[in-house]
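Numbering (this note's numbering), first residue to last: 27 to 212.
Below is one structure, written out as structure tokens, with a few remarks after it.
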Amino acid sequence: CDQPVQQTDKPEFDYAGSDPKAVELAKQVIEAMGGKENWENTRYLTWKTYGKTENVWDKKTGNYRVETKTSLIIMNVHTMEGRGWKYAQRITDEETLQRALEYGREAWMSNTYMLFAPFKLLDGGVTLKYLGEQHTDDGQTREIISATFNSVGPTPENKYHFYIDEESTLVVKWEYFLDQTDQHQR
């Protein structure tokens, strides 16, 4: 199916709760990576996660293929319809297939966020805070913004810190926190 799936009840980016400096930095990061328009016009993406898991995503339709050493899932991440294989055997049991499709959607959310997080800084439900500048281990000064989530995604309690190179305005490092109240990364 090549028709886009319409999303409803999608939250807006949290401008009111975000720091203007963090929002401006996020806009600069997105522009440095090619810009919002190019990101929105990109349709097909393929990549490996952890050098092992194959991912293919059609952003327009939501169709997603994720393949590991032991499993293959082909699905639509919006409708949750799809097929799955485990050890090259088609999954026919409905309950097992539903678990596989849930795994596929969670893999899609996690794997796309890890790779495309800078493009998602201004997504709906995201709140950005400016944390200031910090000298990193490599002796460089980086500006840091924090991203938290308001009831979106499978783990809305997570938090990320993005370290932005002042010259290139690219994210050069990010840290993951299991809980928004955590002071130390996981």
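Idealized CB from N, CA, C, for every residue including glycine.
Bear in mind the structure is a predicted one, so any value in this text is a computation, not a measurement.
query	result
Can you list, in chain order, the residues of its chain with a C-beta nearer than 6 Å to that of I100? Leave out the 5 residues immediately preceding and following it.	R91, G108, R109
Taking the straight line between their C-alpha atoms, what separation do you get for F145 and A173?	12 Å
Between the segment 144–161 and the segment 109–121, can you find at least three pairs of beta-carbon atoms closer than 8 Å?	no
Would you say L127 lies against chain B (beta-carbon separation less than 8 Å)?	This model lacks chain B altogether, as it is built from one protein chain only.
Give a yes or no on whether the C-beta atoms belonging to N89 and N102 are separated by under 8 Å.	yes
Identify which residue in Q115, I190, R69 has its Cα closest to the Cα of T87.	R69
By DSSP, does V92 sit in helix, in strand, or in coil?	strand
On the DSSP bridge assignment, give the partners of D45 in chain order.	D45 is not bridged to any residue.
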